[in-house]
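Residue numbers (the working numbering), protein chains in the order written: chain Y, 166 to 507; chain F, 1430 to 1753.
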């Protein structure tokens, strides 16, 4: 029997909805998460204007009311910090940082406050909050609305980072993130919102720190993050059809904690490694995963590990350039060939 | 005002102010002898602000603090032994030696942390206030910040957010006249900080931060207003820090005359004069508190010095509740 099919956007909405039903301490806040606050013809009629800038949180204000679904001013420091303080004192806030590129205006509240409170207070505080944020190029949104930057947050002790690639994973991982007692940054690739997939209706969780093998294979391990999972799967499809090369596509799903064992075990099987990462290459997850394999399993490698990443540039506007910026299946295939020494 | 404060509250006020002074003077001495790691920012001279405000709070109310946080901790009732041990970096410290002076905190007392980031506490303070609002409790949160932090965007964002959501936050600007070495009339474009309340449509009150009764009265009104659900208030309390920005500060930016002028208005001496003039407390009672404060701090130093350092495994714990 085929399961129910919904979009990535709907899967995220459903995860928040189920958790808000289950736990009255879960609240949602961010810019335009409902929209039209205090307008008599919007809020006054129990309506919302937007339900999120791309409609991800639609209907939540209607179901849970404006006291739990809070439109904020464009003051990321204030509301992210408020989420940290609320999390430390009994709520489970979900704060939406509209685009990850905006972290520059509120990073202090994330990394100096939220991430460090527990350690600085000797373990006597917990900060159970989620920051949902949009990532990724492909919207022709140029330099300040298209980055990934999950590597920046993964670098920081105290934070957990989650990058789902499918509707199923998005729902299960977000429910886990909301229930988690540590601050979690949840990265949503905006090009995935319309992607459809089978998603069970009820609650389920996917543990943070558990990778998923999205395609089994024998020749090359391709670790791919977020939307890049689909780029890797397309490359795998073409290689299987053409040269008969078999890729194993590993989706880490969470970057901190990182499921090192699944990656290492796959490399031990295939003896080759390619990492596909839409983030910029320096100090990136791609570099980190290559370093991980080099330090823990170099004797298993039969060829040079390869990284397929965005270049060391901001995201360009022109479609002609942006399409070059994002890793493509062709680039993955070239990297696979280099890894195999072909 | 003075006569309206219950006798046990007057005793508590004096006790807390004395304890802060004794603690800070002792920390200055320990630091000068090289016995404390890191650096410390001392609160002596500003006691009336923390104590006058916290006199209205219970353990269910929260405060956020600053890098100059020892006074706030003591006013909020954090254990002196655990505080001193924290400054020594000992395992018995209130944060197990992992925070130190600049991150000293005790959530069980509603003390949401000193803060190494100037202005960092403003947004945080909106958090417990939001929790109170969502959970329907009458808990309030006080955000202490300095005149330097008054120029941080975070403080303005937080005041605006608290105002539009009518959050029970009291913003208390401790204007000690200098942001590090920079005078407040230079760094602040406004004629005073209190008047900025009007920008957020909230009351802005300027009080003498050396007068604990003035602070007590202003804070009492602001806290009652917050508990009634009427939203935040901004209080600017002017005082003078006797020590430098940090211990070791050569203090080349201020004059002896200025310091002398403020010493004449010492908050603890002012309190003594006024309660003795009105026969509300006796000199013997106050002297006994002086002795108690000194002994309490000496005992805290002994406790801290005799306590063990954290074990090596403590380096790696308390980063996460659970990982992976």
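Glycine included, C-beta positions come from ideal geometry on N, C-alpha and C. Just so you know, these numbers come straight off a predicted model, no measurement behind them.
- Under DSSP, residue 354/Y forms a beta bridge with 300/Y.
- The DSSP assignment places 1491–1493 as complete runs of the beta strand (DSSP E) inside the segment 1460–1524 of chain F, in order along the chain (cut-off: 3 residues).
- With a beta-carbon spacing of about 3 Å, residue 214/Y and residue 200/Y fall inside the 8 Å limit used to define contacts.
- It is roughly 22 Å from the alpha-carbon of residue 1689/F to the alpha-carbon of residue 1497/F.
- Per DSSP, residue 345/Y lies in no alpha helix (DSSP H) segment and is marked neither H nor E.
- Just so you know, the alpha carbons of residue 1654/F and residue 1589/F end up roughly 17 Å apart.
- When Cβ-Cβ separations below 7 Å define contact, residue 322/Y makes contact with chain F.
- The alpha-carbon of residue 1469/F is positioned some 12 Å away from that of residue 1544/F.
- Per DSSP, residue 313/Y lies in no beta strand (DSSP E) segment and is marked neither H nor E.
- Within the model, the alpha-carbon separation for residue 1586/F versus residue 422/Y is close to 33 Å.
- Listed in chain order, the non-local C-beta contacts of residue 496/Y below 8 Å within the same chain comprise 473, local neighbours out to five positions each way being set aside.
- Only those residues of the segment 194–219 of chain Y whose C-beta falls short of 8 Å from the nearest C-beta of chain F would be listed, and there are none.
- Judged by beta-carbon spacing, residue 1547/F lies beyond the 7 Å limit of residue 1514/F, meaning their Cβ atoms are not closer than that value.
- Per the DSSP secondary-structure output, residue 229/Y pairs with nothing in a beta bridge.
- Close partners of residue 374/Y in chain F (Cβ separation under 7 Å): 1753.
- Of the candidates 1704/F, 1658/F, 1630/F and 1634/F, the residue whose Cα lies closest to the Cα of residue 1647/F is 1634/F.
- Burial state of residue 1630/F is exposed, judged by a 10 Å Cβ sphere holding fewer than 16 other Cβ atoms.
- The DSSP-derived three-state label of residue 389/Y is strand.
- Sixteen is the threshold: since fewer than 16 other Cβ atoms of the shown chains lie within 10 Å of the Cβ of residue 448/Y, the residue is exposed.
- Residue 1451/F sits close to residue 1726/F, with the two beta carbons spaced by under 7 Å.
- Under the Cβ distance rule, residue 249/Y counts among the residues neighbouring chain F, one pair being separated by less than 7 Å.
- For residue 1667/F, the uninterrupted beta strand (DSSP E) run begins and ends at 1662–1667, by DSSP.
- Looking at the backbone, the Cα of residue 450/Y and that of residue 1466/F are separated by about 36 Å.
- Annotation for residue 431/Y: no beta strand (DSSP E) segment contains it, though the alpha helix (DSSP H) segment containing it runs 425–435.
- Straight across, the Cα-Cα distance linking residue 1693/F with residue 1669/F is about 11 Å.
- Membership of residue 1637/F in the beta strand (DSSP E) is indicated by the continuous run 1633–1637.
- Pairing residue 379/Y with residue 349/Y gives a Cβ-Cβ distance that is not under 7 Å.
- Taking 4 residues as the minimum length, the alpha helix (DSSP H) runs contained wholly in the segment 1561–1627 of chain F are 1582–1593 and 1613–1616, in order along the chain.
- Residues of the same chain with a CB within less than 7 Å of the CB of residue 416/Y, apart from the 5 flanking positions on each side, are 330, 376, 377, 379, 389 and 394 in chain order.
- Using a CB distance below 8 Å, the part of the segment 1583–1594 of chain F facing chain Y consists of 1583, 1586, 1587, 1589, 1590, 1593 and 1594, ordered along the chain.
- At a C-beta separation below 7 Å, residue 284/Y has these neighbours in chain F: 1527, 1747 and 1748.
- Here residue 321/Y carries a coil assignment [DSSP, helix/strand/coil].
- Rounded to whole angstroms, the gap between the alpha carbons of residue 295/Y and residue 1663/F is 30 Å.
- Close partners of residue 245/Y in chain F (Cβ separation under 8 Å): 1552.
- Counted as a single uninterrupted DSSP element, the stretch harbouring residue 260/Y is not any alpha helix (DSSP H) but the beta strand (DSSP E) occupying residues 257–264.
- With respect to the C-alpha of residue 1674/F, the residue from 1539/F, 1540/F and 1606/F having the closest C-alpha is 1606/F.
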